[in-house]
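Chains as they are written, first to last, in my numbering: chain A, 3 to 375; chain B, 5 to 146.
The following block contains the structure:
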């Protein structure tokens, strides 16, 4: 179990209060994007492709605090862009800690080691370091040789200084599950609190649209990766969400569970799709046509999405919102998910040694129509 | 509910092996015809998706260089708006569709050439040339 009890208690009581008050749509994690500027230029990233005058803009600490208070989520994820490039990021983090929000500061860690002395360790602050695999895979994924070594140096320094640290990885088509499992060992050896992971998703603003898995393929990959776990692996995620990735649970998206706020306003409907913006959180919740999103809607923009910002809130709400869900979560925290079939998948996946985490060959294209024949 | 929604059944989506991507159009330099209401609405929808600045010419003759980040559709052009940032002002602005006479995709498309295949090609070329510390670097902001 990687998530501290105090954080679980905060989230559990928050979910129960919302259920008691009859709230149908409430946020669990605010995705606060204080800027889009980044010090990497990862191919395919859809978050940073803006003209310079947009990349120079950033939210003020006051705007960040107002957004946090307006939506009331108990957790705040700070992605970007690269948050450590924001000149007032320390002030923003300190303000959120003072408000007792559990913060995940998502960073590529290129600046982490240098900036660490400015931050104070707290149970409310976690550095969530983007690490997509071992040295070769990560460097290729972020399009920068040497990036892995800098990030690992930052991780080790942060752990040494007593900060909470997790890693977060996105896996695309062509991922070799054996390599990923070896990577988990490597990461846990660094002393991190836990691992965060997600399948890639071809949201329409991403320039790269060619190397994304459909849902059937995602489930097969994550069943191979996450079954037959080692006791040393810890995941800073809901066990029910991981079971969803493995194909053991069917969930619908909860897009309002992780609302996104940035220089444009409140983004609808979710962190990855950009179908417009509202000025207030209330307007976002009340005027978004939620029935037009999620897999059950049939909306092709949502077709291959299984990412954590939409589906982990569903898992968390189930986990803390019902006895059955809570029991499933408890069991999940202690299970190694023994599975002979998954072991076979694992053995079949790498007959010729480890493969690349990312597929660099021209991928096969398949249209939705083709899959229906 | 839009026509696009409900295109696929849940089972079709669940069985998906590879996901079809979104088709990005090459819009840089394009000057759409916006003579009819429909043409204007469709062109502004593309401007909303575009990852670069556009130039709006208003019926008053004013020209605005803008990054359009939002559109709010109403029943008529007069109550439909685009929201935008300009390079020189810090605050968000908006203008009614009814005031727009011309639209040009004048700014560089910032998503162009950012595909995974572009990186792989560049990497292989640099590697073959014996380069070390190969990287893509963010474009300069000034």
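The beta-carbon is built from N, C-alpha and C at its ideal position, and this holds for glycine as well.
Taking 7 Å as the cut-off between beta carbons, the residues of the region 142-163 of chain A near chain B are 145, 146, 147 and 148, in sequence order. Shown here for residue 322/A: same chain residues with a beta carbon closer than 6 Å to its own, the five before and five after excluded, namely 14 and 17 in chain order. For the pair residue 199/A and residue 54/B, the Cα-to-Cα distance works out to about 30 Å. Per DSSP, reduced to three states, the secondary structure at residue 76/B is strand. Membership of residue 98/B in any alpha helix (DSSP H) is not indicated; the residue belongs instead to the beta strand (DSSP E) covering 97-100. Three or more beta-carbon pairs separated by less than 8 Å are not found between the region 268-288 of chain A and the region 216-235 of chain A, which leaves the two stretches without contact. In this structure residue 168/A is in contact with residue 128/A, their Cβ atoms being roughly 6 Å apart against a cut-off of 8 Å. Closer than 8 Å at the C-beta level to chain B, one finds these residues of the region 45-77 of chain A: 45, 46, 47, 48, 50, 51, 52, 53, 54, 55, 56, 57, 58 and 59. Residue 58/B and residue 19/A have their C-alpha atoms some 47 Å from each other.
In the DSSP assignment, residue 130/A falls within the beta strand (DSSP E) that extends over 127-132. No Cβ-Cβ contact shorter than 8 Å links residue 75/B with residue 52/A.
For the 8 Å CB-CB criterion, residue 86/A and residue 117/A form a contact. The contact set of residue 297/A on chain B, defined by CB atoms closer than 7 Å, consists of 14 and 17 in chain order.
At least 8 Å separates the CB of residue 36/B from every CB of chain A.
At a Cβ-Cβ threshold of 8 Å, residue 86/B and residue 96/B do not count as neighbours. The alpha carbon of residue 91/A has as its nearest neighbour, out of 114/A, 7/A and 102/A, the alpha carbon of 114/A. Under a 10 Å Cβ-count criterion, residue 258/A is classified as buried, with 16 or more other Cβ atoms of the shown protein chains found around its own Cβ.
In this structure, the straight-line span from the alpha carbon of residue 100/A to that of residue 132/A is close to 25 Å. Scanning chain B for C-beta atoms nearer than 7 Å to the C-beta of residue 41/A yields 142, reported in chain order. Beta-bridge partners of residue 139/B (DSSP): 146/A. Residue burial annotation: residue 135/A is buried, with at least 16 other C-beta atoms found within 10 angstroms of its C-beta. Judged by their CB atoms, residue 75/A and residue 119/B are not nearer to each other than the 8 Å cut-off. Burial state of residue 338/A is exposed, judged by a 10 Å Cβ sphere holding fewer than 16 other Cβ atoms. When C-alpha distances from residue 311/A are compared across 272/A, 330/A, 39/A and 334/A, the shortest belongs to 272/A.
Along the region 29-80 of chain B, the beta strand (DSSP E) occurs as fully enclosed runs of 3 or more residues at 58-62 and 67-76, listed in sequence order. The beta carbon of residue 149/A sits closer than 6 Å to those of 141, all from its chain and outside the five residues before and after it, given in chain order. At a cut-off of 8 Å between C-beta atoms, residue 218/A counts as an interface residue with respect to chain B.
Ranked by Cα distance from residue 64/B, the options 40/B, 106/B and 139/B are led by 106/B. Taking the Cβ atoms as the reference, residue 307/A lies roughly 5 Å from residue 203/A, within the contact range of under 8 Å.
Residue burial annotation: residue 92/B is exposed, with fewer than 16 other C-beta atoms found within 10 angstroms of its C-beta.
Contact with chain B is absent for residue 313/A, since none of that chain's Cβ atoms lies less than 8 Å from the residue's Cβ. By the Cβ rule, the region 278-292 of chain A does not count as touching the region 321-336 of chain A, because fewer than three pairs are nearer than 8 Å. In the displayed model, residue 14/A falls within a helix according to three-state DSSP. Closer than 8 Å to the CB of residue 266/A there is at least one CB belonging to chain B.
Residue pairing by DSSP places residue 180/A in no beta bridge whatsoever. By alpha-carbon distance to residue 288/A, the top candidate from 9/A, 27/A, 21/A and 5/A is 27/A.
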